[in-house]
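Visitor:
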Amino acid sequence: RQVGPAPTTARMAPTSPSPPPTATSAGKPVLVVRLDAATRNELRSVAKALGRCPTDTFGDLAVGSTFEPAEEAQMNMDLVMCNSRLPQLPEDMVLTLQEDLRRLVAGFAEGELSDPMPFAKFELYQPDTTIVVAVFKVPQALMTFRKAAWRLCKAAGVAFPDALWMPHVKLGKLKGLTRGQLKQLRCDGLAESAPQRPAHPLGLALNVPITGAANGDWAKALAFPPRPEPPPPPPSKDDVAPAPPQPPSGCAAVVRPPAASVVVPAPIVPPPASSAPLQAVAAPLPTPLVEPRPPSGSRPAHARPIGSRTGPRGGITMA
5 RQVGPAPTTA RMAPTSPSPP PTATSAGKPV LVVRLDAATR NELRSVAKAL
55 GRCPTDTFGD LAVGSTFEPA EEAQMNMDLV MCNSRLPQLP EDMVLTLQED
105 LRRLVAGFAE GELSDPMPFA KFELYQPDTT IVVAVFKVPQ ALMTFRKAAW
155 RLCKAAGVAF PDALWMPHVK LGKLKGLTRG QLKQLRCDGL AESAPQRPAH
205 PLGLALNVPI TGAANGDWAK ALAFPPRPEP PPPPPSKDDV APAPPQPPSG
255 CAAVVRPPAA SVVVPAPIVP PPASSAPLQA VAAPLPTPLV EPRPPSGSRP
305 AHARPIGSRT GPRGGITMA
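Put into structure tokens, the structure is as follows:
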């Protein structure tokens, strides 16, 4: 029996630190719809609660599993799935795509793309059922915009084939479950955590940065204009003073004098009470009436002569 030489132990090459995540290693580039901070914060709270104890939501089927919540900055709505060619495009092609998308946004009326989106439900993402998503109801204008944006990305060679779009936000990923277990999971336990307020779309952005000057500020360049403030309501009939009656045509206008103003008399203010004691003042006595006396030697007409008396019939008889 021929024995060969003893095998030599191969030396392992020293491991080098993993490179920083790039657009390809961090995930597929996606053109997303940015959501308001309140919606992202609320969805982040739901994801963190699910990560603390998956069995509270999924029951005993989730025993032994873990849930990795997504970062709040990543909780935006996927709009167009792009391929790995997008980060590798020349700078001028990236800027051209950005300008085409900006013109597409400007082609819609103000506020048409920023209308609120009510929450619909929580469910497992299809076809990857390890991802839990929040589904929203979007207005028809955003559906039309999404289709046009996909055509622009397809013309640039950076879009995947189109499929039925489900407006959703990824909350995180389940780990440690088999496909059979995932098929039996239901998200009914998350119904109590459903957002009560609608989400507000703010504009477009890329979920991964693009190196070079072509990165720019996509969020600022592709912001959705808000809906303008509604005009104030017209004044009601009660607030409008009635117009004075107009004279008939051909008649001179009658100018009425202004109504006399009513003078309100000033209130009578009594004089202040004096602190000096009151003194009694005697009223003057009336002057007595004195009948004038006749002059001496004369006799009044009604005087009777001496020695006369009154007769029986009132006549005067001489004594």
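Heads up, the sequence shown stops at 323 in the numbering used here, and the numbers go up one at a time, no gaps. Note that beta-carbon positions come from the ideal geometry of N, C-alpha and C, so glycine has one too.
(1) Given this structure, state the Cα-to-Cα distance separating LYS158 from ASP82, to the nearest angstrom.
(2) Residues in its own chain within less than 6 Å of CYS191 by CB, not counting five upstream and five downstream?
(3) Ordered along the chain, which non-local residues of its own chain (more than five positions away) have a Cβ less than 7 Å from that of THR326?
(4) By the 10 Å Cβ neighbour count, where 16 or more other Cβ atoms means buried, how is PRO91 classified, buried or exposed?
(5) Identify whether THR133 lies in helix, strand or coil by the three-state DSSP scheme.
(6) Can you check which of these residues, GLY176, MET97, LEU181, ALA138, is closest to VAL162 by C-alpha distance?
(7) Identify which residue in PRO131, PHE123, ARG155 has its Cα closest to the Cα of PHE140.
(8) By how many angstroms is the C-alpha of TRP154 removed from the C-alpha of ARG107?
(9) If VAL137 and CYS86 are in contact, beta carbons under 8 Å, what's the gap, nearest whole angstrom?
(10) In the DSSP assignment, what residue or residues form a beta bridge with CYS157?
(11) Could you tell me which residues DSSP puts in a beta bridge with LEU35?
(12) Have a look at GLY184, CYS57, MET121 and flag the residue whose alpha-carbon is nearest the alpha-carbon of VAL37.
(13) Assuming LYS174 is part of the beta strand (DSSP E), what are its boundary residues?
(14) Could you check the C-alpha separation between MET147 and ASN80 for me, to the nearest Å?
(15) Since LYS125 is in the beta strand (DSSP E), which residue starts that stretch and which ends it?
(16) Find the nearest neighbour of ALA145 within the set LEU206, PHE112, ILE135, judged by alpha-carbon distance.
(17) List the endpoints of the continuous beta strand (DSSP E) containing GLU72.
Guide: A quick look at the data gives this:
(1) The alpha-carbon atoms of LYS158 and ASP82 are separated by roughly 16 Å.
(2) Cβ within range, chain order: PHE126, GLU127.
(3) It is not possible to answer for residue 326, since the shown part of the chain is limited to 5 through 323.
(4) Its Cβ being crowded by 16 or more others within 10 Å, PRO91 is buried.
(5) In this structure, THR133 counts as coil in the three-state DSSP scheme.
(6) Per the Cα distances, MET97.
(7) Taking the Cα of PHE140 as reference, the smallest distance to any Cα among PRO131, PHE123, ARG155 is reached at PHE123.
(8) Inter-residue distance for ARG107 and TRP154 is about 14 Å (C-alpha atoms, whole angstroms).
(9) A Cβ-Cβ separation of about 19 Å leaves VAL137 out of contact with CYS86 under the 8 Å criterion.
(10) As DSSP reads the structure, CYS157 sits in no beta bridge.
(11) Paired residues: VAL84, LEU210.
(12) The option with the nearest alpha carbon to VAL37 is MET121.
(13) LYS174: member of the beta strand (DSSP E) spanning 172-179, first to last residue.
(14) For MET147 and ASN80, the distance between alpha carbons rounds to 16 Å.
(15) It spans 123-128 - the beta strand (DSSP E) in which LYS125 sits, taken as one unbroken run.
(16) Here the closest residue by C-alpha is PHE112.
(17) Where GLU72 is concerned, the enclosing beta strand (DSSP E) starts and stops at 70-73.
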